[in-house]
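Participant: Under our numbering, the first residue of the sequence shown carries the number 5, and numbering increases by one thereafter.
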Amino acid sequence: MDPAPGVPRREGRPDVSDHAPRVHLGTAASGTVKYLSLIVGVLITLLPLSVVFLASFKTSQEFGQSGPFDAPGNWFNLDNYVRAFQDGGMVEGFINTTIVLAISLVGTILIGTMAAYAIDRFRFRGKKLIVGLFLVATLIPGVTSQVATFQIINGLGLYNTKAALVLLFMGTDIISIYIFIQFMQSIPISLDEAAMIDGANRWTIYWRVILPLLRPAIATVVIVKGIAIYNEFYLPFLYLPSEGMISTSLFRFKGPFGAHWEIIAAGTILVILPTLIVFLFLQRFIYRGLTSGAVK
5 MDPAPGVPRR EGRPDVSDHA PRVHLGTAAS GTVKYLSLIV GVLITLLPLS
55 VVFLASFKTS QEFGQSGPFD APGNWFNLDN YVRAFQDGGM VEGFINTTIV
105 LAISLVGTIL IGTMAAYAID RFRFRGKKLI VGLFLVATLI PGVTSQVATF
155 QIINGLGLYN TKAALVLLFM GTDIISIYIF IQFMQSIPIS LDEAAMIDGA
205 NRWTIYWRVI LPLLRPAIAT VVIVKGIAIY NEFYLPFLYL PSEGMISTSL
255 FRFKGPFGAH WEIIAAGTIL VILPTLIVFL FLQRFIYRGL TSGAVK
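This is the structure:
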């Protein structure tokens, strides 16, 4: 658009209207790429689950003769679920998993909050070294230390006991400590000082002041850590072979002469359902806890 007569045109300033189409095209392209990537991620996640879901309703003959995405002949065939629940020892697996899960979560919360309180509130020699060692521990793959860990567990007489799993789940969770530290840094030190003026000692401050304020972080750790323990397969399979956990109970349907994959598929759906329900109902607490901890 030409300027009015007698009004000089400003030089050096591009016309905004010339760049508007480019901005809209760039925004549309970035939005398209974002949604396409989300769709691809959803498909990658749901396709294997759909194959397992379809296989759980098929008979052994149908599973061997049909394709992975073929619908079962009878959608009301629940024989695989009954066999997986009864013969797979799902009840025993749920009970053992609940015991290990509850004790491990309580221990993780106590150890993590105490460690975070000491690191954030106390000044002592080697503090930076300890924090650095925590970071190094997160970078070392757990598989590389399994030989030494197995020898320690066996030397303590804890092999093939639930105590071995509880000890490993409680003592190897560095991420929870970092989550608690991030939240701890958002709590004003003036609260500690006010409690000290009122005559409270360090333990009282931790138990009555700090721990209640860490409830969002505790909720985040309980959900994330709980789902991780529930889905863990390697540690129960290695350190607790005689007593079935929920993640290892389905291994009974796989033997040297083949595997009943349709029953394993039904058991997999039964194992997935609790964590799926928990995640759907509590996902806002997970995201809120992780993001607020990161921002603070």
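Here a beta-carbon is modelled for each residue, glycine too, at the ideal position from N, C-alpha and C.
1) Check whether the Cβ atoms of Val213 and Ala232 sit closer than 7 Å, and answer yes or no.
2) When burial is assigned at 16 or more other CB atoms within 10 Å of the CB, is Pro245 buried or exposed?
3) Rounded to whole angstroms, what is the Cα-Cα separation between Ala120 and Ile179?
4) Beta carbon of Met94, beta carbon of Ser253: below 7 Å?
5) Compute the Euclidean distance between the alpha carbons of Leu284 and Phe128, then round it to the nearest angstrom.
6) Who are the near neighbours of Glu197 in its chain, counting only those whose CB is closer than 6 Å to its CB and skipping five residues on each side?
7) By how many angstroms is the C-alpha of Ile276 removed from the C-alpha of Val44?
8) Tyr182 by DSSP, collapsed to three states: which one?
9) Excluding the five sequence neighbours on either side, which residues of its own chain have a C-beta within less than 7 Å of the C-beta of Ile157, listed in chain order?
10) Can you tell which of Ile144, Pro278, Leu42 and Leu53 has the C-alpha that lies nearest to the C-alpha of Asp177?
11) Determine the extent of the alpha helix (DSSP H) in which Gln189 is found, giving its start and end residues.
12) Is Trp265 buried or exposed, if buried means 16 or more other CB atoms sit within 10 Å of its CB?
13) Is it true that the CB of Ile185 sits closer than 7 Å to the CB of Asp124?
14) Between the beta-carbon of Gly97 and the beta-carbon of Ile250, is there less than 7 Å?
Facilitator: Put simply:
1) With respect to Ala232, Val213 sits apart: the two C-beta atoms are not nearer than 7 Å.
2) When all chains shown are included, Pro245 counts as exposed.
3) Straight-line Cα distance between these residues: approximately 11 Å.
4) Taking a C-beta distance under 7 Å as the contact criterion, Met94 and Ser253 qualify as a contact pair.
5) The straight-line gap separating the alpha-carbon atoms of Leu284 and Phe128 is approximately 43 Å.
6) Within its own chain, no residue has a Cβ closer than 6 Å to the Cβ of Glu197 once the five positions on either side in sequence are excluded.
7) Going from the Cα of Val44 to the Cα of Ile276 covers about 22 Å.
8) DSSP, read as helix, strand or coil, puts Tyr182 in helix.
9) Only Tyr163, Ala168 and Tyr243 meet the Cβ criterion.
10) For the residues Ile144, Pro278, Leu42 and Leu53, the minimum Cα distance to Asp177 belongs to Ile144.
11) From DSSP, Gln189 is part of no alpha helix (DSSP H); its letter is neither H nor E.
12) By the beta-carbon neighbour count (other beta carbons within 10 angstroms, threshold 16), Trp265 is buried.
13) Taking C-beta atoms as the reference points, Asp124 and Ile185 count as a pair closer than 7 Å.
14) A contact, by the Cβ cut-off of 7 Å.
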